[in-house]
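K.L.:
Sharing a structure below in structure tokens format, with a few things to ask.
Residue numbers (our numbering): 269 to 643.
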């Protein structure tokens, strides 16, 4: 009998993006712009940092499993504490969902080239993992609804989607939900919620408090707390009760919870981050298109750029690295001909665009696939 199940043996682990120090060392650079991991270029919320500093003396005590944050989130969103869960990033809660609700004969359904973190977690369970192609780089909710079978247990939808940055609308979700049986759990991954929430078309999942919908959000993006690993989720109290059974006893960490609570009050920081991101999306999108690139319109804090081949994407990534700009190639997601570029500070965005102009990559690698060629 094999020690490791074949679905684990064949699983490719999640690979994080290149670090600033690694790129500095490899290419002999002094200045590096990391535009690969959708992090907040302004750094962490100042209120969160101050709260951490005030509470460093309590590191000898175990945390309370996120209870304080759950209470604060329940008050913020007018819920009961029993409707809220906190974890070490939203992907930790996602892992709990996989453990709590999937049985051997169940299947997971989502779009192809979905968020790589979900792909790894879902495939690690060894159940059937089924996908539906994008339609113009958007979730094809009609096709996903048509692909539901008697074995479908979980449908994963990210809105805005990573890596494309696109959203589906209220009307599209309402129509989709009509065809989803109550026995099927819908994961609405809203890691980039704050960037899209003011769009009239955007279906804020807090307005869809259905018994079979689980909302996931994070402090990693707009609040700049990616390094602390703190996320949360909303769902029917029965679903939360079962997730609490499989959650690690003391996650999230005490400092992460304290930081998250403080960050929720940092409205000024959030507005500043949103303003910077909107400016970055406009600048990067307009400039890259003028160079001949296809840039997928985004509602998040990054853009996706399809190129004419996997070789072109690799060439672009390597050339930008040599100039100190880190972007994310999307081969692991299932899109080897695409790269994802996060928005940065104004200076970092200029570094990106200057590097593209200097190397002439628009002319060399631009000729992108039409949007309709999504695989």
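Built from N, CA and C at the ideal position, the CB exists for glycine as well. All of these numbers come straight from a predicted model, not from anything done at the bench.
#1: Measuring CA to CA, which of 309, 509, 276, 381 is closest to residue 604?
#2: Can you name, in chain order, every residue of its own chain whose Cβ lies under 7 angstroms from the Cβ of residue 640, other than the five neighbours on each side?
#3: Are the beta-carbon atoms of residue 300 and residue 592 separated by less than 8 angstroms?
#4: Can you have a look at residue 569 and say buried or exposed, based on whether 16 or more other CB atoms are within 10 angstroms of its CB?
#5: Who does residue 501 pair with in a DSSP beta bridge?
#6: Tell me whether residue 627 sits in a helix, a strand or coil according to DSSP, three-state version.
#7: How about residue 474 and residue 444: are their beta carbons less than 8 angstroms apart?
#8: Hey, residue 567 and residue 464 are a contact pair by Cβ (cut 8 angstroms); roughly how many whole angstroms apart?
#9: If we require 3 or more residues per run, which beta strand (DSSP E) segments fall completely within the segment 291-358?
#10: Just confirm the distance between the C-beta atoms of residue 525 and residue 354, as a whole number of angstroms; I'd bet it's less than 8 angstroms.
#11: Measuring alpha carbon to alpha carbon, tell me which of 273, 331, 361, 384 ends up nearest residue 285.
#12: Whole-angstrom Cβ separation of residue 419 and residue 452, contact assumed at under 8 angstroms?
#13: Could you tell me how far apart the beta carbons of residue 522 and residue 331 are, in whole angstroms, since I believe they sit closer than 8 angstroms?
#14: By DSSP, does residue 446 sit in helix, in strand, or in coil?
#15: Could you spell out where the alpha helix (DSSP H) holding residue 455 opens and where it closes?
#16: Nearest by alpha-carbon distance to residue 515: which of 314, 366, 447 is it?
#17: Are the Cβ atoms of residue 377 and residue 423 separated by less than 8 angstroms?
#18: What does the Cβ neighbour count give for residue 269, buried or exposed, with the cut at 16 atoms within 10 Å?
#19: Taking residue 622 as the reference, give the member of 576, 551, 602 with the closest Cα.
#20: Can you tell me which of 431, 348, 371 puts its alpha carbon nearest to the alpha carbon of residue 387?
#21: What residue does the beta strand (DSSP E) around residue 375 start on, and which one ends it?
#22: Look up residue 280 in the DSSP assignment and say whether it is helix, strand or coil.
#23: Can you grab the Cα-Cα spacing for the pair residue 600 / residue 351, in whole Å?
#24: Give me, in chain order, the residues of the same chain whose beta-carbon lies closer than 6 angstroms to that of residue 491; leave out the 5 immediate sequence neighbours on both sides.
#25: Please list, in chain order, all residues of the same chain as residue 282 whose beta carbon is under 7 angstroms from its beta carbon, the five residues on each side excluded.
P.N.:
Per the coordinate set shown:
#1: 381
#2: Confidence at residue 640 is low in this model, with a pLDDT of 33, below 50, so the placement of that residue should be treated as unreliable; the coordinate-derived value is given next. Once the five neighbours on either side are set aside, the close Cβ partners of residue 640 are 404.
#3: yes
#4: buried
#5: 353, 484
#6: helix
#7: no
#8: 4 angstroms
#9: 352-355
#10: 7 angstroms
#11: 384
#12: About 10 angstroms; that fails the 8 angstroms criterion.
#13: 4 angstroms
#14: coil
#15: Not the alpha helix (DSSP H): residue 455 falls in the beta strand (DSSP E), residues 453-457.
#16: 366
#17: yes
#18: exposed
#19: 551
#20: 431
#21: 375-379
#22: coil
#23: 34 angstroms
#24: 313, 531
#25: 384, 385, 388
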